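Residue numbers (UniProt numbering): 1 to 163.
Written out as structure tokens, the structure is:
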């Protein structure tokens, strides 16, 4: 249960019980039915920009958004935000990118939104601190529960060989 290591033992035990009773997949399917329609990089860019416009109008511009097949769950990277600085002529240009793991193409809408909100929050807060999670919860009420459920989803994917 590598995705749930940071949670209390009692919570992990509840998840183990769902697994033992073969109810984890059913719980997730009931709570998060269906899959989102954001399938292309272009659609993902539009989705991210709409969320940014709604919640972070004054945040730095984002130059590139894409699904990335190279993001690896073993490195705990479900999404990445990067700022690449280059010298062009006599000017320093900074480009910001957001990459989302390709597994989210087939995920529930709430899981995609949670990852995007997480990466957008990094535009304002670099560290995973109290202010960061407060911003995430502002952009997506119930953020912490969705993040926990996503971790259960990743556990279930790994168990069933879907990973």
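Cβ coordinates follow ideal geometry from the N, Cα and C atoms, glycine included.
These numbers were taken from a predicted model, which means no experiment stands behind them.
Cα-Cα separation, residue i to residue j
i, j, result
"residue 8", "residue 34", "30 angstroms"
"residue 124", "residue 98", "14 angstroms"
"residue 143", "residue 109", "13 angstroms"
"residue 89", "residue 120", "30 angstroms"
"residue 59", "residue 22", "44 angstroms"
"residue 17", "residue 25", "12 angstroms"
"residue 134", "residue 162", "32 angstroms"
"residue 147", "residue 12", "14 angstroms"
"residue 80", "residue 100", "7 angstroms"
"residue 2", "residue 155", "8 angstroms"
"residue 50", "residue 31", "25 angstroms"
"residue 128", "residue 91", "31 angstroms"
"residue 116", "residue 48", "7 angstroms"
"residue 4", "residue 69", "23 angstroms"
Reduced DSSP category for residue i - H, G, I as helix; E, B as strand; rest coil
i, result
"residue 46", "helix"
"residue 153", "helix"
"residue 41", "helix"
"residue 173", "The first residue shown for the chain is 1 and the last is 163, placing residue 173 beyond what the model contains."
"residue 27", "helix"
"residue 36", "coil"
"residue 19", "helix"
"residue 10", "helix"
"residue 53", "helix"
"residue 140", "coil"
"residue 146", "helix"
"residue 1", "coil"
Distance between beta carbons of residue j and residue i, contact taken as under 8 angstroms
i, j, result
"residue 65", "residue 112", "Wrong, their Cβ atoms sit about 12 angstroms apart, outside the cutoff."
"residue 102", "residue 153", "Their Cβ separation, rounded to whole angstroms, is 15 angstroms, which puts residue 102 and residue 153 out of contact at 8 angstroms."
"residue 62", "residue 93", "With a Cβ gap of about 14 angstroms, residue 62 and residue 93 do not count as contacting."
Test: residue i CB closer than 8 angstroms to a CB of chain B
i, result
"residue 9", "Looking at the structure shown, chain B is missing, and only one protein chain is on hand."
Identity of the residues DSSP links to residue i by a beta bridge
i, result
"residue 67", "100"
"residue 80", "99"
- What are the start and end residues of each continuous alpha helix (DSSP H) run of 4 or more residues lying completely inside the region 92 to 132, in chain order? 109 to 121
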